[in-house]
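**Student:**
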Amino acid sequence: MIAGALTIALGCVSLALVLTLYRLFKGPSAADRILALDTLVINVIALIVLLGILEETMVYFEAALLLAMVGFVGTVAYAKFLLRGDIVE
Amino acid sequence: MAPFVDIIIAALIVLGGAFALIGSWGLARLPNLMARLHGPTKATTLGVGGCLVAAMLYFPTHGMAFSMHELLVTLFLFITAPISANMVAKGYLHERMTAARDGTASEPDLPPAYRMPLPEAASESCGWATFGAPEEAPQPDTTPRR
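Just so you know, the protein sequences line up as chains A and B, in that order.
If you read the first sequence in the numbering used here, its first letter stands for residue 93, the second for the next number, and so on.
If you read the second sequence in the numbering used here, its first letter stands for residue 17, the second for the next number, and so on.
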């Protein structure tokens with residue numbers, strides 16, 4: 093049962109990644125692309141966690157934690173560059 | 017006991033995947049950025065939270081050690097999602113107002129409530145972010161009274 097649920101959820105998350113990529117390539121403004129990158133990172137975290145359940149290892153959660161931190165820092169840096177034209181002043 | 021927990025875990029996994037899909041669908045489908053912000057910040061965060069809670073339940077009930085990593089990731093995502101949404105919205109406002117000021121767009125294309133005056137980029141009052149508080153409130157007297 094859990095294997096079937098994992099198959100459905102992995103399909104959903106993969107489709108979500110495709111939709112996010114569509115917004116990343118199309119997005120009219122730069123803020124759209126930043127938002128799409130942020131969503132991409134969050135979806136990849138979900139994918140990694142689901143793969144960790146599928147393969148029954150806990151190694152992937154370290155990667156998920158790292159990705160959560162780096163994704164947040166990247167989003168804030170991009171937004172700050174948009175706001176101020178500089179990252180470290 | 018074990019089949020019951022398995023049902024809960026499977027339901028959480030499916031719900032998490034469905035919410036992640038709904039959030040990204042909103043990101044691709046909604047008309048402008050202020051509407052698009054709602055999908056990823058609410059639905060996708062909830063979806064990832066569902067997957068992580070399912071992982072937290074799965075590993076102790078299948079003969080492996082309980083770990084705090086899932087809880088840490090959930091906590092971190094729930095704390096950072098509103099902050100990054102706020103930063104993206106600020107960046108969008110700045111982009112539109114700058115385009116209207118420089119004449120590349122005739123109209124800011126924003127509702128009137130969002131049309132704030134652009135602060136000077138190098139001024140001290142706007143700190144590290146534009147579109148903060150427009151005017152400094154008078155500071156309360158913090159010196160100890162005798």
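Note that CB positions come from ideal geometry on N, CA and C, so glycine has one too.
As the structure is a prediction and not an experimental result, all values here were calculated from the model.
Does A/GLY119 come out as helix, strand or coil in the three-state DSSP assignment?
**Tutor:** The residue you call residue 119 of chain A lines up with position 27 of the first sequence. Coil at A/GLY119, not helix or strand.
**Student:** Residues in its own chain within less than 7 Å of B/CYS67 by CB, not counting five upstream and five downstream?
**Tutor:** Here residue 67 of chain B refers to the residue found at position 51 when the second sequence is read from its first residue. Closer than 7 Å at the Cβ level, and outside the excluded window around B/CYS67, lie ILE29, GLY32.
**Student:** Is there contact between the stretch 18-28 of chain B and the stretch 57-75 of chain B, where contact requires at least three CB pairs shorter than 8 Å?
**Tutor:** As far as the Cβ criterion goes, the stretch 18-28 of chain B touches the stretch 57-75 of chain B, which means the pair count is three or higher.
**Student:** According to DSSP, is A/ALA160 part of a helix, a strand, or is it coil?
**Tutor:** Reading the first sequence from its first residue, position 68 is the one you call residue 160 of chain A. Helix at A/ALA160.
**Student:** When the Cα atoms are used, what is the spatial distance from B/GLU86 to B/SER40?
**Tutor:** Residue mapping note: residue 86 of chain B aligns to position 70 of the second sequence, counting from 1. Residue mapping note: residue 40 of chain B aligns to position 24 of the second sequence, counting from 1. Taking the straight line from one Cα to the other gives about 22 Å.
**Student:** Any Cβ of chain A within less than 8 Å of the Cβ of B/ALA18?
**Tutor:** Here residue 18 of chain B refers to the residue found at position 2 when the second sequence is read from its first residue. For B/ALA18, the answer is no, since every Cβ of chain A falls outside 8 Å of its Cβ.
**Student:** Can you name the residues of chain A whose CB is closer than 8 Å to the CB of B/MET80?
**Tutor:** On the second sequence, residue 80 of chain B is found 64 positions in, with the first residue counted as 1. Near B/MET80 (Cβ distances below 8 Å), the residues of chain A are GLU148, MET150.
**Student:** Shorter than 8 Å from the beta carbon of B/PHE94 to some beta carbon of chain A?
**Tutor:** The residue given as residue 94 of chain B occupies position 78 in the second sequence. Output row for B/PHE94: interface = no.
**Student:** Is A/ILE94 close to chain B? Criterion is C-beta to C-beta, closer than 8 Å.
**Tutor:** If you number the first sequence from 1, residue 94 of chain A lands on position 2. Yes, because at least one Cβ of chain B sits closer than 8 Å to the Cβ of A/ILE94.
**Student:** Is it true that the CB of A/ILE126 sits closer than 8 Å to the CB of A/THR167?
**Tutor:** The sequence position of residue 167 of chain A within the first sequence is 75, counting from 1. The sequence position of residue 126 of chain A within the first sequence is 34, counting from 1. A contact, by the Cβ cut-off of 8 Å.
**Student:** Just the chain A side, please: which residues come within less than 7 Å of B/ASP22 by C-beta, in chain order?
**Tutor:** Looking up residue 22 of chain B in the second sequence gives position 6. In chain order: MET93, ILE94.
**Student:** Looking at C-alpha atoms only, which residue of B/VAL89, B/THR90, B/ARG117, B/THR57 is the closest neighbour of B/ILE99?
**Tutor:** Within the second sequence, the letter at position 83 stands for residue 99 of chain B. Selected option, being the one with the closest Cα: B/THR57.
**Student:** When you check each C-beta in the stretch 134-146 of chain A against every C-beta of chain B, which residues fall closer than 8 Å?
**Tutor:** Hits within the stretch, in order: ILE134, ASN135, ILE137, ALA138, VAL141, LEU142, GLY144, ILE145.
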